[in-house]
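Chains as they are written, first to last, in the working numbering: chain A, -15 to 352; chain B, -15 to 352.
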């Protein structure tokens, strides 16, 4: 179990600030984890992430298992050494990627068989094997294999799938317990947008000895109202002594709702992916830097931002690099967007600490 | 004129160490200038170049004139502010790019008319106008417009072209002298691989009040022997009180020959371009990091290299990123190659200072 310290609890909502330590690194929540899909957060290296100040990042088991492969990671002594990142790491189970591979994967009671997107070769993930893979990767936090059904699946399928995820969770715990080492395991509960299923699934997962509880199966196509309703329902039911992780979410707007419901951890490709398409997060919402109005803007992308990019470069410069398809432009914008996310959550923590989270939320809901 | 201090002169060759100051930045030669084509050295930003320790970089007038355009650069107060680079800058005249545009440009006595590669629009460069453009760009060192004939052009064409370059040089000096500000102007001499033409051209250019003498029209397809022969011929004839710049060169191998002939400054896209194709410069020559033998190489790209990449990442990691087409891989390799060039020239300066340049040359010729 990961010991967590409650540093602040909002009196009018479930919003909270916690602190825990992994690999000697202090992590305060609410916290955002940048996604290092294939051993790098796209356009950045480990020195950049450390300069940006992220204490924890996410790696994708599915991609890393295929390339460079577990053998290479094992020879390096794990993903930390491979990437040179000295902070903490969480790996997903690969389930989300596999279940996105419509037509290239086959599910059964024991696991899932799938084809590599790289060379079409056949592979199989089972609850115990994904734990073994994540053990070799050396992540500080590992995730259980779950089935992640699409947002528009019928209730009967969501329920059946949820029960399979529960049986797999038990197998993951068994394999994990055999040799926990210094690693930790999070469980994932499912249930789609159905409150009774969510409640059942949360209870089942929470009864197992996980260090953290992850909310799976949100941000998969459901409406913002549905996501909000589920979070408001499960928030008060989540064990306050464990970490709460909302997988694959999201935007500053989503963070506000989730933090209010007691969520501690987030990850999402959003800030890095949209950066590569020229989109910047700013204090006034998203803007497209490719827009010609930025051609001559001498001021920064976001005049409220104290990141290295906004302190040193004009929006005009970033616009020019993006227009010219210079990868430096994508890199500068990736940096800014991650800094924006980091600052947003730092400000959220400070607001909670000051007993003003709802004011913070309302202030931002107005702006975004 | 740029005052230069002779710090060391090799007794057995023309190799020398000089120092000069531009924009408050001390520059020691022999020195390599990374090429920031469109306002960025590809995959890097200005903070990277400063961390790498380059005191001077090169910008391409042709590209910058077309995009972002002089108006945008002027609004920023010049290329330094636009890119955030606080070191010195040299801009080429755009001639080399225009004369590479076979079929898209038309030369006459007064200048050259060409089409933009971006939108096909028509533009014209004349000797005086390229000085005005470089004035707006704000480069610390500007270059004259020259015609750069192909390496395989007949002698008669080379001679005619050289004479045009001479007439243009006078016009560049006239326009420059009108308002030198804090900028400096280098002349370019031509003459292909013909020693008598080279001699005439050098004398003509050297008789004009340029701060530096650039050797143009080499590294345009002639053999290494021809380049070496020309350099050995012109080396002793170049004014030792001015800077000697070999344009568009090159590789460590080329540097050795050129330094021996008294060259001070170099620029080339080679280290950055080959990096994007997976090629690394090492103490044992060039290697292709995409080669499968690097898949499991736990040691650095170059075990002799003290750059940040070789100190922090395995060759296996860089191989993986390049294979996955992650731009981070191109960036790490660009960084390494530039660090290799920088260290190579630093070591050359030290060898000259220690009176051991020819030993240094022979040591490297054996390895490369």
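Built from N, CA and C at the ideal position, the CB exists for glycine as well.
1. Candidates A/60, A/67, A/51, A/241: which alpha carbon is nearest residue 343 of chain A's?
2. Scan the segment 281 to 300 of chain B for residues whose Cβ lies nearer than 8 Å to a Cβ of chain A and list them as they occur along the chain.
3. When burial is assigned at 16 or more other CB atoms within 10 Å of the CB, is residue 44 of chain B buried or exposed?
4. Classify residue 65 of chain A as helix, strand or coil using the three-state DSSP reduction.
5. Apart from the five residues on each side of it in sequence, which residues of its chain come closer than 8 Å, Cβ to Cβ, to residue 155 of chain A?
6. Going by DSSP, which residues form a beta bridge with residue 9 of chain A?
7. Based on the DSSP secondary-structure assignment, which residues constitute the bridge partners of residue 36 of chain B?
8. Using the three-state DSSP reduction, which class does residue 316 of chain B fall into: helix, strand or coil?
9. In terms of residue numbering, what span does the alpha helix (DSSP H) encompassing residue 218 of chain B cover?
10. Residue ranges of each alpha helix (DSSP H) run of no fewer than 4 residues wholly in the segment 90 to 135 of chain B, ordered along the chain?
11. Could you tell me whether the Cβ of residue 315 of chain B comes closer than 8 Å to any Cβ of chain A?
12. I need the straight-line Cα distance from residue 239 of chain A to residue 274 of chain B, nearest angstrom please.
13. Just confirm the distance between the C-beta atoms of residue -2 of chain B and residue 205 of chain B, as a whole number of angstroms; I'd bet it's less than 8 Å.
14. Residues of chain B with CB closer than 7 Å to the CB of residue 85 of chain A, please, in chain order.
15. Give me, in chain order, the residues of the same chain whose beta-carbon lies closer than 8 Å to that of residue 139 of chain B; leave out the 5 immediate sequence neighbours on both sides.
16. Ignoring anything shorter than 3 residues, give me the beta strand (DSSP E) runs that lie fully in the segment 148 to 187 of chain A, in order along the chain.
17. With DSSP run on the structure shown, which of helix, strand or coil describes residue 340 of chain B?
18. So the beta strand (DSSP E) residue 303 of chain B belongs to, where does it begin and stop?
19. Mind listing which residues of the segment 38 to 54 of chain B have their C-beta closer than 7 Å to chain E's C-betas, in chain order?
20. Can you name the residues of chain B whose CB is closer than 8 Å to the CB of residue 258 of chain A?
21. Using a Cβ-Cβ cut-off of 7 Å (strictly less than) and excluding sequence neighbours within five positions of residue 153 of chain B, which residues of its own chain qualify?
22. Out of B/322, B/334, B/83, B/64, state which residue places its alpha-carbon closest to the alpha-carbon of residue 118 of chain B.
23. Any residues in the segment 260 to 274 of chain A with a beta carbon nearer than 7 Å to a beta carbon of chain B? Which ones, in chain order?
24. Near residue 279 of chain A, what residues of its chain come up, given a Cβ to Cβ distance below 7 Å and the 5 sequence neighbours on each side ignored?
25. Which residue marks the beginning of the alpha helix (DSSP H) containing residue 45 of chain B, and which one marks its end?
26. Mind checking if residue 29 of chain A is an interface residue toward chain B, Cβ cutoff 8 Å exclusive?
27. If we ignore side chains and look at the alpha-carbon of each, how far apart do residue 6 of chain B and residue 12 of chain A end up?
28. With a cut-off of 8 Å, does the C-beta of residue 56 of chain B fall near any C-beta of chain A?
29. Identify which residue in A/266, A/231, A/185, A/69 has its Cα closest to the Cα of residue 30 of chain A.
30. To the nearest angstrom, how far is the alpha carbon of residue 92 of chain A from that of residue 86 of chain A?
31. Classify residue 227 of chain B: buried if its beta carbon has 16 or more other beta carbons within 10 angstroms, exposed otherwise.
32. How big is the Cα-Cα spacing for residue 295 of chain B and residue 221 of chain A?
33. Report the option in A/169, A/256, A/244, A/201 whose CA atom is closest to the CA atom of residue 231 of chain A.
34. Rounded to the nearest angstrom, what separates residue 71 of chain A and residue 40 of chain A at their Cα positions?
35. By the 10 Å Cβ neighbour count, where 16 or more other Cβ atoms means buried, how is residue -15 of chain B classified, buried or exposed?
36. I'd like to check one pair, residue 233 of chain A with residue 19 of chain A: are the Cβ atoms closer than 8 Å?
With the given structure in hand:
1. Within the first chain, residue 343 of chain A is the residue found at index 359, counting from 1. Out of A/60, A/67, A/51, A/241, A/241 has the C-alpha closest to the C-alpha of residue 343 of chain A.
2. So the list reads 282, 292, 296, 297, 298, 300, given in the order they occur along the chain.
3. Within the second chain, the letter at position 60 stands for residue 44 of chain B. Buried.
4. Taking the first chain and counting its residues from 1, the one referred to as residue 65 of chain A is at position 81. It is helical.
5. Translated into the one-based positions of the first chain, residue 155 of chain A becomes position 171. Hits under 8 Å: 110, 111, 112.
6. Stepping through the first chain from its first residue, residue 9 of chain A is reached at position 25. DSSP, once it has assigned bridges, lists A/6 as partnering residue 9 of chain A.
7. By one-based count along the second chain, residue 36 of chain B stands at place 52. According to DSSP, which records beta bridges pairwise, residue 36 of chain B is partnered with nothing at all.
8. Translated into positions along the second chain, residue 316 of chain B becomes position 332. In the three-state reduction of the DSSP assignment, residue 316 of chain B falls in the helix class, which pools H, G and I.
9. Counting from one through the second chain, the residue named residue 218 of chain B turns up at place 234. It spans 208 to 218 - the alpha helix (DSSP H) in which residue 218 of chain B sits, taken as one unbroken run.
10. Taking only runs of at least 4 residues, the alpha helix (DSSP H) segments lying wholly in the segment 90 to 135 of chain B are 111 to 121.
11. Locating residue 315 of chain B in the second chain gives position 331, counting from the first residue. Residue 315 of chain B counts as touching chain A.
12. Along the first chain, one-based indexing puts residue 239 of chain A at 255. Along the second chain, one-based indexing puts residue 274 of chain B at 290. CA-to-CA, the gap between residue 239 of chain A and residue 274 of chain B works out to about 40 Å.
13. Translated into the one-based positions of the second chain, residue -2 of chain B becomes position 14. Translated into the one-based positions of the second chain, residue 205 of chain B becomes position 221. The beta-carbon distance between residue -2 of chain B and residue 205 of chain B, rounded to whole angstroms, is 25 Å. This is too long to meet the 8 Å contact definition.
14. Position 101 of the first chain holds residue 85 of chain A. Here the premise fails: no neighbours, minimum Cβ distance about 18 Å.
15. Numbered from 1 along the second chain, position 155 holds the residue referred to as residue 139 of chain B. Its chain contains 176, 178, 181 as the residues whose beta carbon lies nearer than 8 Å to that of residue 139 of chain B, once the 5 sequence neighbours on both sides are disregarded; these appear in chain order.
16. You should have 168 to 173.
17. Indexing the second chain from 1 puts residue 340 of chain B at position 356. Of the three classes helix, strand and coil, the one that applies to residue 340 of chain B here is coil, per DSSP.
18. As a position in the second chain, residue 303 of chain B is number 319, starting the count at 1. For residue 303 of chain B, there is no enclosing beta strand (DSSP E); the enclosing alpha helix (DSSP H) covers residues 299 to 307.
19. The structure shown contains no chain E; the protein chains it does contain are A and B.
20. Counting from one through the first chain, the residue named residue 258 of chain A turns up at place 274. Neighbourhood of residue 258 of chain A in chain B, by CB distance below 8 Å: empty, with the nearest CB roughly 16 Å away.
21. Residue numbering aside, residue 153 of chain B sits at position 169 when the second chain is read from its first letter. Scanning its chain for C-beta atoms nearer than 7 Å, with the 5 sequence neighbours on each side dropped, one finds around residue 153 of chain B the residues 128, 171, 189, 192, in chain order.
22. On the second chain, position 134 is the one that residue 118 of chain B refers to. Taking only the C-alpha atoms, the option nearest residue 118 of chain B is B/64.
23. Legend: CB atoms of the segment 260 to 274 of chain A lying less than 7 Å from CB atoms of chain B are not found in any residue.
24. Here residue 279 of chain A refers to the residue found at position 295 when the first chain is read from its first residue. Same-chain partners within the cutoff: 300, 303.
25. Within the second chain, the letter at position 61 stands for residue 45 of chain B. Counting along the chain, the alpha helix (DSSP H) containing residue 45 of chain B begins and ends at 45 to 48.
26. Counting from 1 along the first chain, the entry for residue 29 of chain A is found at position 45. Taking Cβ atoms only, chain B reaches closer than 8 Å to residue 29 of chain A, which makes this a yes.
27. Translated into the one-based positions of the second chain, residue 6 of chain B becomes position 22. Translated into the one-based positions of the first chain, residue 12 of chain A becomes position 28. If you draw a straight line from the Cα of residue 6 of chain B to the Cα of residue 12 of chain A, it comes to about 46 Å.
28. The residue you call residue 56 of chain B lines up with position 72 of the second chain. Residue 56 of chain B counts as touching chain A.
29. For the purposes of this step, residue 30 of chain A is taken as the residue at position 46 of the first chain. Of the candidates A/266, A/231, A/185, A/69, A/69 places its Cα closest to the Cα of residue 30 of chain A.
30. The residue you call residue 92 of chain A lines up with position 108 of the first chain. The residue you call residue 86 of chain A lines up with position 102 of the first chain. Using only the alpha carbons, I get a separation of about 15 Å.
31. In the second chain, counting from the first residue as 1, residue 227 of chain B sits at position 243. A residue is called buried once 16 or more other Cβ atoms fall within 10 Å of its Cβ, and residue 227 of chain B is buried on that count.
32. Here the question's residue 295 of chain B lines up with position 311 in the second chain. Here the question's residue 221 of chain A lines up with position 237 in the first chain. Going by the C-alpha atoms only, they are around 48 Å apart.
33. Sequence index remark: in the first chain, residue 231 of chain A carries index 247 (1-based). That would be A/201, whose Cα lies nearest to the Cα of residue 231 of chain A.
34. Indexing the first chain from 1 puts residue 71 of chain A at position 87. Indexing the first chain from 1 puts residue 40 of chain A at position 56. Spanning the two alpha carbons is a distance of roughly 6 Å.
35. Along the second chain, read from residue 1 onward, the residue named residue -15 of chain B stands at position 1. Exposed, because fewer than 16 other Cβ atoms sit within 10 Å of the Cβ of residue -15 of chain B.
36. Position 35 of the first chain, counted from the start, is the residue given in the question as residue 19 of chain A. Position 249 of the first chain, counted from the start, is the residue given in the question as residue 233 of chain A. No Cβ-Cβ contact shorter than 8 Å links residue 19 of chain A with residue 233 of chain A.
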